[in-house]
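Below: one structure, written as structure tokens.
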Ligand SMILES: C[S@@+](CC[C@H](N)C(=O)[O-])C[C@H]1O[C@@H](n2cnc3c(N)ncnc32)[C@H](O)[C@@H]1O
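In the numbering used here, the protein residues as written are 227 to 472.
Shown next as structure tokens:
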């Protein structure tokens, strides 16, 4: 069973602001949106780990010709079909590891907060490269290596529960890390920064933007707890372009 089909986990995820209110409630969205083409008219789009389909609906609303949202969770796809349906969007059950990458079929591939669930990134990067047309864009956001190498993905606190620091350990040991998320034990995969950025370069991409999610001034003003998000990066955002191999 896919993690997001676990009832306890799914209910926890459903309660998050991003699940209830969509992209506007996702702290990273303003930065991720900057990675996407402004004009999507006529584009064929692939969303890897589409979840509720917020990004699929966004691309469709901006004029994409077709959008394929891929996700291994039946429950997430059921929500996507309820909340974010459009004639040009197809939601398809499947994990990225099992996707049969077509040749030069898409102009834009997006992936938001899904790739840290994938153990082996090189085949995925190679697949996206193959599936994009020349000049196509890959916009991805995944948990930052400083976050995935955090001990239990949690702060180190004093006896009174106050945050002392964010511990990092076994940074150069990529692989599975057990974490607690939405009330469940969840396995995520740590990849080093060089593996992610170097992996994209090795696949043939040119990097055209690299960013790290941080709360906006508005978010900081609205919620002082957000200042803790300035103590360590949680997400790594990258835009890569398919260039012909030399
Ligand atoms: C945090 S949610 C993000 C959903 C969506 N991209 C968004 O930003 O709203 C992570 C999603 O990744 C999906 N996922 C997990 N493992 C995956 C895999 N191996 N291949 C594709 N998607 C996966 C989950 O089912 C879930 O829907």
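Ideal Cβ positions, reconstructed from N, Cα and C, are used throughout, including at glycine.
Per DSSP, what kind of secondary structure is residue 237 in: helix, strand or coil? In this structure, residue 237 counts as helix in the three-state DSSP scheme.
Could you tell me the distance, in whole angstroms, from the CA atom of residue 422 to the CA atom of residue 462? Between the alpha carbons of residue 422 and residue 462 lies a distance of about 10 Å.
Closer than 6 Å by C-beta to residue 433: which residues in its own chain qualify, once you throw out the five before and the five after it? Chain order, please. The answer, listed in chain order, is 466.
Check this for me: beta carbons of residue 457 and residue 392, under 8 Å apart or not? Their beta carbons are under 8 Å apart, which means residue 457 touches residue 392 by this criterion.
For residue 325, which of 233, 272, 251, 436 has the nearest alpha-carbon? Among 233, 272, 251, 436, the Cα nearest to that of residue 325 is on 272.
Could you tell me if the beta carbon of residue 410 falls within a distance shorter than 7 Å of some heavy atom in ligand 3? Among the ligands modelled here, namely ligand 1, ligand 3 does not occur.
Measure the CB-CB distance between residue 367 and residue 339 and report whether it falls below 8 Å. Result yes, Cβ atoms of residue 367 and residue 339 sit closer than 8 Å.
Going along the chain, which residues of its own chain have a beta-carbon closer than 6 Å to the beta-carbon of residue 430, five neighbours each way excluded? Answer for residue 430: 355, 471, listed in chain order.
If we ignore side chains and look at the alpha-carbon of each, how far apart do residue 306 and residue 254 end up? Those two C-alpha atoms are separated by around 20 Å.
Please classify residue 337: does DSSP put it in a helix, a strand, or coil? The answer is strand: DSSP assigns residue 337 an E or B state.
I'd like to check one pair, residue 454 with residue 389: are the Cβ atoms closer than 8 Å? Going by C-beta atoms, residue 389 is nearer than 8 Å to residue 454.
Closer than 7 Å: residue 415 CB and nearest ligand 1 heavy atom: The answer is no for residue 415.
Whether residue 397 touches residue 375 by CB criterion (8 Å): With respect to residue 375, residue 397 sits close: the two C-beta atoms are nearer than 8 Å.
Are the segment 235-243 and the segment 256-271 in contact at 8 Å, needing three or more beta carbon pairs? Touching, no.
As a quick exercise: from 341, 362, 383, 303, pick the residue whose alpha carbon is nearest that of residue 331. Nearest C-alpha to residue 331: 362.
Check whether the Cβ atoms of residue 274 and residue 298 lie closer than 8 Å to each other. Cβ atoms of residue 274 and residue 298: not closer than 8 Å.
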